[in-house]
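Heads up: take any position in the sequence shown, counting from 1, add 63, and you land on the numbering used here.
From the three backbone atoms N, C-alpha and C, an ideal C-beta is built for every residue, glycine too.
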Amino acid sequence: MALLMEHQFRQLPAEQTGGNKTVSGGCVIPSTILWGLRFIQVFLQSLVDGEKDDNNPNLIRVNVTKAYEIALKRHHGWLVQQLFKAALFAAPYKSDFLKALSKGRDVREEECLEKIKKFLINFTATVDAIYEMYNKMNADLDYTV
Numbered sequence: 064m065a066l067l068m069e070h071q072f073r074q075l076p077a078e079q080t081g082g083n084k085t086v087s088g089g090c091v092i093p094s095t096i097l098w099g100l101r102f103i104q105v106f107l108q109s110l111v112d113g114e115k116d117d118n119n120p121n122l123i124r125v126n127v128t129k130a131y132e133i134a135l136k137r138h139h140g141w142l143v144q145q146l147f148k149a150a151l152f153a154a155p156y157k158s159d160f161l162k163a164l165s166k167g168r169d170v171r172e173e174e175c176l177e178k179i180k181k182f183l184i185n186f187t188a189t190v191d192a193i194y195e196m197y198n199k200m201n202a203d204l205d206y207t208v
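Quick look at the structure:
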């Protein structure tokens, strides 16, 4: 395992990064996956916490925006941030999202959110442990793509 981790975090030669100074290590794919996991974690936690737009309570834009601001925005340049703002209008309604999580079954919103809350216990602990491992190995998680 240690050999694998050494390989994952070695410095890439400039010709493999295309001279892109914003990508500083060989862990681009694992770290972008990790950012995605953090996005999912913050998004689901925001839903469970009951954060919503008071004018449109069935929209999840508030939750998606919060997750993006915390987990992804600092890793994106201006253009990608603008694309996110546009893509936000394609976010599903909260009721549709929860129904999809329930595999199409009619489940009460409270019941679905309770299951998400239980899921988040282990999911959050796992994501936090992975971030901690990256930090202990001094892996670069703070760059722009």
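For residue i, list the residues DSSP reports as bridge partners.
i, result
"residue 122", "156"
Just the C-alpha distance for residue i and residue j, rounded to the nearest angstrom, thanks.
i, j, result
"residue 136", "residue 170", "33 Å"
"residue 193", "residue 184", "15 Å"
"residue 162", "residue 189", "26 Å"
"residue 104", "residue 95", "14 Å"
"residue 202", "residue 114", "33 Å"
"residue 180", "residue 134", "19 Å"
"residue 195", "residue 93", "14 Å"
"residue 284", "residue 112", "What the structure shows of the chain is the stretch from 64 to 208, and residue 284 is not part of that stretch, so it cannot be assessed."
"residue 139", "residue 128", "14 Å"
"residue 172", "residue 147", "27 Å"
Taking all protein chains shown into account, do 16 or more other C-beta atoms lie within 10 angstroms of the C-beta of residue i, making it buried, or fewer, making it exposed?
i, result
"residue 182", "exposed"
"residue 119", "exposed"
"residue 153", "exposed"
"residue 97", "buried"
"residue 150", "exposed"
"residue 107", "buried"
For residue i, I'd like the list of residues in its chain whose CB is within less than 6 Å of its CB, leaving aside the five on either flank, ordered along the chain.
i, result
"residue 157", "121, 123"
"residue 100", "190"
"residue 116", "122, 125"
"residue 110", "126"
"residue 187", "104"
"residue 102", "130, 134, 135"
Keeping to the same chain, check which residues put their C-beta closer than 7 Å to that of residue i; ignore five residues upstream and five downstream.
i, result
"residue 164", "175"
"residue 160", "123"
Leaving aside the five residues before and after residue i along the sequence, list all residues of the same chain whose C-beta is less than 8 Å from its C-beta, in chain order.
i, result
"residue 144", "136"
"residue 155", "123, 163"
**Message:** Runs of 4 residues minimum, wholly inside the region 138-187: which ones carry the alpha helix (DSSP H) assignment?
**Reply:** 141-150, 157-164
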